[in-house]
Every structure is written in structure tokens, then in C-alpha cells.
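> Residues 1 to 306 in the UniProt record's numbering are what the sequence shown lists, from first letter to last. Glycine included, C-beta positions come from ideal geometry on N, C-alpha and C. Computed from a predicted model, the values in this text were never measured in an experiment.
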Amino acid sequence: DKFNVNVGVRYDINKYKGYRDNARFSSENLGVLPNSTADDKVTTIQGAPFTYWSYNLNKVGYTAALNYKINNKMAVYFRQSHGFRAPIEEAFYDNANKNLSLIKPTTVNQSELGYTGQISHNFALYGSAFLMNLKNIFYGDIVAGGKSEALLADVRNLGLELEAQYRYHNFSVSANATFQKPEYTKFASNASYVGNQARRIPKTFFSIRPSYDITKGLNVYARYSRYGTKYNDEGNTFVLKGFGVLDAGASYQIKNIRFALDATNITNNIGLTEGDGTFGNKKDGDIIFARSIVGALARFSITLDF
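(1) Could you tell me which of D21, L297, A164 sits nearest to S120, measuring between CA atoms?
(2) State the start and end residues of the unbroken beta strand (DSSP E) segment that holds K17.
(3) Which whole-angstrom value describes the C-beta separation of A263 and A298, a residue pair presumed to lie in contact below a C-beta threshold of 8 Å?
(4) Only counting the same chain, and skipping five residues up and downstream in sequence, which positions put a Cβ closer than 6 Å to that of Q253?
(5) Look up L100 in the DSSP assignment and say whether it is helix, strand or coil.
(6) Quick check on DSSP: helix, strand or coil for E163?
(7) So, helix, strand or coil for S192, using DSSP?
(8) Taking C-alpha atoms, which residue in K181, V60, R10, A86 lies nearest to E161?
(9) Return the chain-ordered list of same chain residues with a C-beta closer than 7 Å to the C-beta of K73, the five sequence neighbours on each side being excluded.
(10) Is the separation between the beta-carbon of V155 and that of T185 shorter than 8 Å?
(11) So is the beta-carbon of N58 under 7 Å away from any non-hydrogen atom of the ligand NAP?
(12) Evaluate K230 with the Cβ neighbour count: other Cβ atoms within 10 Å of its Cβ, from every protein chain shown; 16 or more gives buried, anything less gives exposed.
(13) Near P17, what residues of its chain come up, given a Cβ to Cβ distance below 6 Å and the 5 sequence neighbours on each side ignored?
(14) Just to confirm, is the Cβ distance from V76 to V9 under 8 Å?
(15) How big is the Cα-Cα spacing for L131 and F206?
(16) Out of F138, L134, L102, T63, point me to the one whose CA is closest to G88's CA.
(17) How about D233 and R199: are their beta carbons less than 8 Å apart?
(18) Is DSSP giving E238 helix, strand or coil here?
(19) What is the DSSP secondary structure of A198, reduced to helix, strand or coil?
(20) Start and end of the beta strand (DSSP E) containing N133?
(21) By alpha-carbon positions, which one of E274, Y212, G235, G159 ends up nearest to S174?
(22) Alpha carbons only, please: which of A153, K203, I214, S192 is nearest the one belonging to H169?
(23) Spatial neighbours of G127 within its chain, please: CB distance less than 6 Å, with the 5 preceding and 5 following residues excluded, ordered by chain position.
(24) If you follow the beta strand (DSSP E) that T264 is part of, which residue opens it and which one closes it?
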């Protein structure tokens, strides 16, 4: 009864196919009409029209976990998992005229050691340390001059996740935090990037959500989330600053009908989730395109359970 083992295995069969349009418009003088400029600078199409491609990917993924029950309220576990992700669409089209067998899927191997505990009747604590190795991450940015990059990298991420839940009568609060160190262990085109923080991934994340049951069916809550600093580029030269988001809402349950009003980013804060990788030579202080979080937004919903 103390030990429990769980194993899951999955075999994926993936088939991809498509075509790339290689034709390019150009302007040329046809020279058909003498003593006339009517056939000068005529728009023509040059190049082979299409390149057809196909790509097959068959792989095994698995998860194995060993759980040990310390007592009725506490347990520890170890989990090992292996998975993969097919190459992104840009990888196929950017390499359609080349050998597609050189394109590799991104493989993920993760080890996790965790703890779950009901410390008291109103307090629970969860924690897990993890080590994740990702191999063959594909970067296909369009850089200055319209040239497409085709870069492969490996990333190791060592981290700790913590979660706590507390309840006192009608009041409850939950919090979770992630501390991690995602860094490049291999970069095909630039060995100097090894040891740098993987782009667009923060080292820290934190969230806290208090809530209060005003009546049996009426609940109000607030949530604050904080995302740490990250980098826009592999060279760690362009910083995307950390940001916080404040949400709040209320819900009312009448039998099987739930009314909810949720407001997100109520302070209308600006936070950048990622920056444009088009120009790799940009530095802090330069102007770039970027993707921001959604501004202040309120949503009303009615849910019917049946």
C-alpha cells in the first residue's frame, strides 16, 4: 500500500506533406517588339513553380512514476517522462528544397521529484524539483534582409515549483511560484550562446489568489501574477522587463446556473511576452515590434450545468 507505480506509453504516427511555391516575380525587357518600349520591364514569373515535400515522424513517448505514501496526509514521488514535438511549420517550408531528413523533432526528457502534503486540516503544500532537457529546438526567424534563419539549439532547465493552499472559514488563498534556470547547452551556429538564458523564458513566476465566500453562492476573488525578466534574443543583449498582472472577479451560483464577472489586467499594465526576432542586432533602448499582454478587459458569463 505504501508504493504505487504508474506507467504510460504512447506511440505516435505522424505524416506531413505539402508544397512550397518557388515562383518569384521579376521585371525584365522581353525584346519582342523592336523600336518600342511596350515590352520593357514586363512582370514575369521565374523559377520552378512548386516543390512538393513529405515528412514522416513515428516516435514513442512514455511516463513512469513511483509514488511513496508516507502516511494518509503526505506522499513523495519520482516521475520520468520522455516526449517529443514535431518540427514547426517553418522548418518544412524553409527546407523544402533541401534534405528534410536533416530536420529533427524536438525531444523532451524530464525528471521530477515531488512532495504533496496536507499539513493541517486547512493547509496543504506541494513542491517539485525538476530537470528538463530539450534537444533540437528549431528557430526559424526572418532576419534583416528577409533572410530566414534555420537554427537548432539544446536547452536544459533546472527548476523548483511550489504551491500552497490555505483556508480559514469563508476565506481561502492559494499561491504558486516557479524558480528555474533555462539555459542553452548547445547552439549550432554560435557556441558563445552556451550558458545563456533561453530566450523568452523568465527565471521566475509567481501568482497569489485570495478569495472570499460572502454567502453560500456568492464568491469574490483577486489574483496577482508576476512574471520575471527574460531576454528577446539568444545572445541575451535585449531585455524584456518583468511585469505584473492584477485580476479580480465575482461569481454567484444559483442551483445549476453560475453568473460570473471577471476583470483581467485591471490596472491596464503593459507587459511584453516576446519581442520580434527579425533584427538580431537590436539592443536595449532600440524600438522593436513586440507582443503585449491584453489590456484591461471585463467579461460577463452565464454557465448552465446539466
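According to the structure shown:
(1) A164
(2) Going by DSSP, K17 is part of the beta strand (DSSP E) stretching over 3 to 21.
(3) 5 Å
(4) G217
(5) helix
(6) strand
(7) helix
(8) K181
(9) G117, Q118
(10) Between V155 and T185, the gap from beta carbon to beta carbon is short of 8 Å.
(11) The ligand NAP is not among the ligands present in this structure, which contains no ligands whatsoever.
(12) buried
(13) Just to set this straight, residue 17 is Lys in the shown sequence, not Pro. So the list reads S54, once near-sequence residues are dropped.
(14) no
(15) 19 Å
(16) Looking at the sequence itself, residue 88 is Ile, so the reference to Gly does not match. The shortest Cα separation from I88 among F138, L134, L102, T63 belongs to F138.
(17) yes
(18) Residue identity differs from the one stated: residue 238 is Phe in this sequence, not Glu. Correct three-state label for F238: coil.
(19) coil
(20) 123 to 139
(21) Measuring from the Cα of S174, the nearest candidate turns out to be Y212.
(22) I214
(23) Y115, L162
(24) 257 to 264
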